[in-house]
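There are 2 protein chains.
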Amino acid sequence: MPAEATTVPNTSHTPAPKLYEKVAERIRGMILDRIYRPGDRLPSVRELSKQSGVSITTVLDAYRLLEDSGLIHPRPQSGYYVHAYANLKPAEPMRSAPAPTPSHFTRDQMLQSMTHEVERPGLIDLAFANPNPDLLPLAKLARIISSVAREHPEASYGYGPPSGHRAIREQIAQRSFAAGAVISPDEVVITMGCQEAMCLALRAVCTPGGVVAVESPCHYGVLQAIHLAGLRSLEVKTRTREGISLEALEDALVEQEDKGAPVQACMVSPNFQNPLGSCMSVEDKRRLNAIANRHNVVLIEDDVYGDLGFEGDRPRVLRAFDGGENVVICSSFSKTIAPGYRVGWVVAGKWHSEIERLKHSFTISAPSLPQLVIAEFLTDGGYDQYLRRARKAYSFNVGRMSEAIARYFPPETLVTRPSGGYMLWVQLPECVDSVELYAKALSHNIFISAGVLFSVEDGYRNFIRLSAGKWSPEIEAAVAKLGRIVHQMIQA
Amino acid sequence: MPAEATTVPNTSHTPAPKLYEKVAERIRGMILDRIYRPGDRLPSVRELSKQSGVSITTVLDAYRLLEDSGLIHPRPQSGYYVHAYANLKPAEPMRSAPAPTPSHFTRDQMLQSMTHEVERPGLIDLAFANPNPDLLPLAKLARIISSVAREHPEASYGYGPPSGHRAIREQIAQRSFAAGAVISPDEVVITMGCQEAMCLALRAVCTPGGVVAVESPCHYGVLQAIHLAGLRSLEVKTRTREGISLEALEDALVEQEDKGAPVQACMVSPNFQNPLGSCMSVEDKRRLNAIANRHNVVLIEDDVYGDLGFEGDRPRVLRAFDGGENVVICSSFSKTIAPGYRVGWVVAGKWHSEIERLKHSFTISAPSLPQLVIAEFLTDGGYDQYLRRARKAYSFNVGRMSEAIARYFPPETLVTRPSGGYMLWVQLPECVDSVELYAKALSHNIFISAGVLFSVEDGYRNFIRLSAGKWSPEIEAAVAKLGRIVHQMIQA
Numbered sequence: 058m059p060a061e062a063t064t065v066p067n068t069s070h071t072p073a074p075k076l077y078e079k080v081a082e083r084i085r086g087m088i089l090d091r092i093y094r095p096g097d098r099l100p101s102v103r104e105l106s107k108q109s110g111v112s113i114t115t116v117l118d119a120y121r122l123l124e125d126s127g128l129i130h131p132r133p134q135s136g137y138y139v140h141a142y143a144n145l146k147p148a149e150p151m152r153s154a155p156a157p158t159p160s161h162f163t164r165d166q167m168l169q170s171m172t173h174e175v176e177r178p179g180l181i182d183l184a185f186a187n188p189n190p191d192l193l194p195l196a197k198l199a200r201i202i203s204s205v206a207r208e209h210p211e212a213s214y215g216y217g218p219p220s221g222h223r224a225i226r227e228q229i230a231q232r233s234f235a236a237g238a239v240i241s242p243d244e245v246v247i248t249m250g251c252q253e254a255m256c257l258a259l260r261a262v263c264t265p266g267g268v269v270a271v272e273s274p275c276h277y278g279v280l281q282a283i284h285l286a287g288l289r290s291l292e293v294k295t296r297t298r299e300g301i302s303l304e305a306l307e308d309a310l311v312e313q314e315d316k317g318a319p320v321q322a323c324m325v326s327p328n329f330q331n332p333l334g335s336c337m338s339v340e341d342k343r344r345l346n347a348i349a350n351r352h353n354v355v356l357i358e359d360d361v362y363g364d365l366g367f368e369g370d371r372p373r374v375l376r377a378f379d380g381g382e383n384v385v386i387c388s389s390f391s392k393t394i395a396p397g398y399r400v401g402w403v404v405a406g407k408w409h410s411e412i413e414r415l416k417h418s419f420t421i422s423a424p425s426l427p428q429l430v431i432a433e434f435l436t437d438g439g440y441d442q443y444l445r446r447a448r449k450a451y452s453f454n455v456g457r458m459s460e461a462i463a464r465y466f467p468p469e470t471l472v473t474r475p476s477g478g479y480m481l482w483v484q485l486p487e488c489v490d491s492v493e494l495y496a497k498a499l500s501h502n503i504f505i506s507a508g509v510l511f512s513v514e515d516g517y518r519n520f521i522r523l524s525a526g527k528w529s530p531e532i533e534a535a536v537a538k539l540g541r542i543v544h545q546m547i548q549a
Numbered sequence: 058m059p060a061e062a063t064t065v066p067n068t069s070h071t072p073a074p075k076l077y078e079k080v081a082e083r084i085r086g087m088i089l090d091r092i093y094r095p096g097d098r099l100p101s102v103r104e105l106s107k108q109s110g111v112s113i114t115t116v117l118d119a120y121r122l123l124e125d126s127g128l129i130h131p132r133p134q135s136g137y138y139v140h141a142y143a144n145l146k147p148a149e150p151m152r153s154a155p156a157p158t159p160s161h162f163t164r165d166q167m168l169q170s171m172t173h174e175v176e177r178p179g180l181i182d183l184a185f186a187n188p189n190p191d192l193l194p195l196a197k198l199a200r201i202i203s204s205v206a207r208e209h210p211e212a213s214y215g216y217g218p219p220s221g222h223r224a225i226r227e228q229i230a231q232r233s234f235a236a237g238a239v240i241s242p243d244e245v246v247i248t249m250g251c252q253e254a255m256c257l258a259l260r261a262v263c264t265p266g267g268v269v270a271v272e273s274p275c276h277y278g279v280l281q282a283i284h285l286a287g288l289r290s291l292e293v294k295t296r297t298r299e300g301i302s303l304e305a306l307e308d309a310l311v312e313q314e315d316k317g318a319p320v321q322a323c324m325v326s327p328n329f330q331n332p333l334g335s336c337m338s339v340e341d342k343r344r345l346n347a348i349a350n351r352h353n354v355v356l357i358e359d360d361v362y363g364d365l366g367f368e369g370d371r372p373r374v375l376r377a378f379d380g381g382e383n384v385v386i387c388s389s390f391s392k393t394i395a396p397g398y399r400v401g402w403v404v405a406g407k408w409h410s411e412i413e414r415l416k417h418s419f420t421i422s423a424p425s426l427p428q429l430v431i432a433e434f435l436t437d438g439g440y441d442q443y444l445r446r447a448r449k450a451y452s453f454n455v456g457r458m459s460e461a462i463a464r465y466f467p468p469e470t471l472v473t474r475p476s477g478g479y480m481l482w483v484q485l486p487e488c489v490d491s492v493e494l495y496a497k498a499l500s501h502n503i504f505i506s507a508g509v510l511f512s513v514e515d516g517y518r519n520f521i522r523l524s525a526g527k528w529s530p531e532i533e534a535a536v537a538k539l540g541r542i543v544h545q546m547i548q549a
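So the sequences go chain by chain: A and B. When you number the first sequence by this note's numbering, it's gap-free, plus one each residue, and the end is 549. When you number the second sequence by this note's numbering, it's gap-free, plus one each residue, and the end is 549.
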C-alpha cells in the first residue's frame, strides 16, 4: 500500500521532536495550507538549508521523512516535489453507493464506437488499458518469436490442445505459487485473454437469467461478459483502496436470497482492481472466501493486474486462503507481456472439465505461437527482472498523472491512489457529464473512458478513467487540456 | 466434379467405335466384373499391346480414355491402376434420412476425450481435420513470422482492432472475388478460426431455444456451435455429392412453420462439405437462396474448404447469387494455411455491427501476429501457387485412401467420392458399431472419428470419417489394420 498523504508523520509519536522533524513539520504545514500545491517543486536542499539556518544533512533528513510519509517525492536531477495525493480529500466520498438492483449492461455501442475512434491518427489514448509499449520486452520477444517459428513448425500446422500447450501451462502453475496458490498445469486452460476466460467461467458456473455480484465501479469487460452470458450484474459498494465492501456484499447476497433470486457468482478483482487500483487485505480475502462458502456463491477472480503492484510482495489470490478451492481464477499476460498475443487462462477447480469442453466448442484452441513465445520468455528468467522495472515505472507514471490532474483540474477533483496497475479513477465536480467530456476531449484528439462504462446503472456520470501507464510532455499537455475543458464545462 | 466410375464412357455416343475404344470397353468390363479390383495394377502398355494384338499407341489411347472417365489412373514410373471409386455402388444408398426432430448435440464428452487421446505418442491420426503439414508453406511462413515480428512491434503491444487488422481484411475481400462475392474489407470481422465465426453468427442471427437446419451428416463443430448458442439442430437429408436436398429442406422449413417453431437459420457448407466432400451446383445454390428468402431463414455458409477443390474453378459462395446479400459467410485459413494461427473470419451483411460488438465482448480482438503473417503471405502472391500444389496432392491422397479402403475393408463398404477437401465418409456394414471400432482402433494407436459425432440423433453408427490429407506406407498400414478390425467385428 502506498503511504497516505494524510497520515501524521512518525514525528508525532516521539516525545521530543528532533531538529529535522521540526523542519519536516513546517514544510508539511505549508503543503496542507496549500502554500506548496500538488506538483509544485519544493525549495532546493541548499535554499532550505539557508532559509532555515540548518545543515544540509538536516534538510535531507527532513525531506526523506516527508518522502517516507508519501507527501513528497524526489525527481532525479530536479529536486523534491509535492505529491499529487497531498490535495486529496479522504477516500470516503468516493465510496460507491450503487442501487441494489441487478441490471444488464447497456454500453456496448459506446464501447464499439470507441474501438473505431481509437484508430484516429494522432490520438492521445488515455482510454484503453494498454500497457506502456516502452516498458514491454519487445526486442526480446521478437527474437524469441523468430526462434520459436523456426523450431516449432507444429505451432503452425497443428490446432494445438484445447487447454493450451503444456509449456505455458507449466509456467503459469509455477508462477501461481508466488501468489500463494498451488496449481497443477493440468488445471490450467489457455484462453483468448482474460475476456474469454471470464466468458467461459460465467458460462460454466451460472445459468442464464441469473445474477452476478460485481464491484462498483467495475471494469466494463466484466459487465460485457456477464451480459453476454445472459446474466445481470448486481453492483456492490466498493472501497476506493480496500476493495469490495464485505458487509455490503453479504447484505446483497441475503437480500437476493430473500427475493428468491440468489446471486450465483461474484466476480471480483482483489488485486489492483480496474478502475480503482484497490487491493484487498489478507484478512478481507479470508473473509470473502468464508462469505462465498456460507452463501454458496462462486467467486470468479480477475487477477490480471496481480503482478503489477507498486511495492511489497506479490499479493495473494483468493485460492491461497481457506475455502478458496473453488474460486475460479481468470487472468492473462495482456497487461504484463503483450496484449496483442491474447494469451489468458482460467483455473477453474471443479468446473475445469466443463470449461475445457466449452473452450473447444467456442474457439477449438488458442493460437500456438503466442503461447510458446510467452512460455519461452517466462522460462528463461527475464520476466521477474522486467516486472521490477515495469512496476517501478507504472508507480512513477501514475504518480505523475495524479499530480497533473491535481494541477490542471478544478480543486474539488478527486483521484484514486492505486496501489498497483496503471489506472486512475477520477471524480469530477457533480455538474460535469463525462459522456459530454468524452466527446469534447475526442474533438481535441484526447481519448478517455467515461465513468458510465463502469456501471450497469447510469452511475458514475461525473467520473472518468484515465490510463496512466505512460508519461510524456505530450500526455501532460493532454491532461492540461482536459483540465481546461473541465473548467470550461463548470463555468458554462 | 470428378468423373464418375459408373458413367458410360463417351464411346457409347459414337456410331462406330474405334479400335482403342473397343480395347477400353474390354478393360472396363473386366473392372466391373471385378477381375481387376480397385487398387490393382493393370497390364503394362507393352503387355496389353501384345495380348490384344494392337499397337502401343492404341493401348495408350485406350488407357487415356479410361483415365478420362475416372475409372483408372496412372502412377508415375509404375503404370495404370484401377481407381478406388470403381467398386463403389451408386451414391444413393448413402443418402441420409434423418429424423425430422430438432435436437441438442450430446457428443461433447466424446470429443473432449478425443482431444486428450490425440496426444498419445505414435498415434496415427485419421480423426481430426488437420491439413497435411508436408504441404503447408511452413518455411516461408517462418521467414515471414521473423520479419513481421521485427517490423511490427505493435503486433505485440496493441490489442489490435476488434474486427482485425486491415491488411488481412483487404486480402480476404480481394480473394472473395474469386468466389464470386464482392465484399468490402469493412465487412470482414476476423475471428478465432471458423468456429468462433459460427458461434458469433448464430448468436447474432438466432434467439435461444430456436431451431437451426443443418446438413446430415454434419461436421460436429457446427453442431457444437449450435448447441452452445442454446439452439437445436434439425438435420436435413443431404446428397452424397450434390449437397443438401432442397426438397427435404423446404419440407422441413414448412413443417417447422406449421409446428409454430420456424427454423431461424440454416447452416450449410455448399463447397466440399465436411464430412461428405459434396459440392452444390450453381443452380442449387441459386435455389437455396430463393428458398431461404421465401421462408425468411438466414443462411450461414461455412466455406472453410472452398479453396480446396480437386479440379476446375473455385466454386462460388452463396453470396455470389441473387438473394445472397444476407448470407453470413464463415471461413478460416485453418484448412489452407495454418490451423495453429486460428485466423478465421465472418462476413455478416446486415448483422455486421452486431457481430463486431459480440466479438469484442467474447474475446476483445484476435491475436495480431498471425493475422499480419497470413496477410503478408497472401500479399506476396505465393498462395495461388501453393494452392494448386495442395489441391492436386489432396486429390491424390484422397484417391489413395479410397483405394486402400476398397482393398482392405469388406466389399460392402461404401466411400464418398469427394470433389474437394480431404475427408472420406465411410459407410461400414450395418452390424459395425463405429464407437466400438473407434475404441478398438485406438488400442492399436489408430485414431478415427466415429459417425455418431456427425449427428444430433444417434445416427451414423456404422459410419466413420477418415481424414485423408496425408498418404504414406504407415497410413496405408493403418488403413489395412482398420480393415482387418472391421472384418473381425463382422465375423464376431
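Beta carbons are placed, not taken as given, at the ideal position from N, Cα and C, and that holds for glycine.
DSSP state of residue i mapped onto helix, strand, coil
i: A/E533; result: helix
i: A/A322; result: strand
i: B/P194; result: coil
i: A/F453; result: helix
i: A/E312; result: helix
i: A/D359; result: strand
i: B/S239; result: Correcting the residue type first, residue 239 of chain B is Val in the shown sequence and not Ser. Coil.
i: A/R187; result: Residue identity differs from the one stated: residue 187 of chain A is Asn in this sequence, not Arg. Here A/N187 sits in coil by DSSP.
i: A/C275; result: coil
i: A/N383; result: helix
i: A/T295; result: strand
i: B/S422; result: coil
Through-space distance from residue j to residue i, alpha-carbon basis
i: B/Y398; j: B/H222; result: 14 angstroms
i: A/L193; j: B/P210; result: 10 angstroms
i: A/F466; j: B/A423; result: 37 angstroms
i: B/V269; j: A/V513; result: 32 angstroms
i: A/C263; j: A/A322; result: 7 angstroms
i: A/R541; j: A/D359; result: 35 angstroms
i: B/S109; j: B/P95; result: 22 angstroms
i: A/L145; j: A/R522; result: In this prediction, A/L145 has a pLDDT of 47, which is less than 50 and means its spatial position is unreliable; what the coordinates show is noted afterwards. Approximately 17 angstroms, taken between the alpha carbons.
i: A/H284; j: A/H161; result: 6 angstroms
i: B/L259; j: B/A238; result: 21 angstroms
i: B/E493; j: B/R474; result: 25 angstroms
i: B/E460; j: B/N189; result: 19 angstroms
Within chain A, the residues that residue i reaches when beta carbons sit closer than 8 angstroms
i: B/I571; result: Since the displayed chain B opens at 58 and closes at 549, residue 571 of chain B lies outside it and no answer follows.
i: B/G250; result: T420, I421
Distance CB(residue i)-CB(residue j) smaller than 8 angstroms
i: A/N454; j: A/K342; result: no
i: B/S388; j: B/W408; result: no
i: B/C275; j: B/V361; result: no
Chain B contact residues for residue i, given Cβ-Cβ distances below 9 angstroms
i: A/Y398; result: A212, S213, P424, S425, L426
Within chain B, the residues that residue i reaches when beta carbons sit closer than 8 angstroms
i: A/Q281; result: H417, S418
i: A/N187; result: Y214, G215, Y216
Proximity test, residue i beta-carbon vs the ligand ADP heavy atom, cut-off 7 angstroms
i: A/I421; result: This structure lacks the ligand ADP, and indeed carries no ligand of any kind.
> Any residues in the segment 212-227 of chain B with a beta carbon nearer than 7 angstroms to a beta carbon of chain A? Which ones, in chain order?
Replying inline: Of all residues in the segment 212-227 of chain B, those with a C-beta nearer than 7 angstroms to a C-beta of chain A are A212, S213, Y214, G215, Y216, G217, P218, P219, reading in chain order.
> Which residues, in chain order, does the segment 235-261 of chain A contribute to contact with chain B at a C-beta distance below 7 angstroms?
Replying inline: M249, G250, Q252, E253, C256
>> For the segment 163-178 of chain B, list every residue whose C-beta sits within 9 angstroms of some C-beta in chain A, in sequence order.
In response: D165, Q166, L168, Q169, T172, H173, V175, E176
> Any residues in the segment 190-201 of chain A with a beta carbon nearer than 7 angstroms to a beta carbon of chain B? Which ones, in chain order?
Replying inline: Answer set for the segment 190-201 of chain A: P190, L193, L195, L198, A199.
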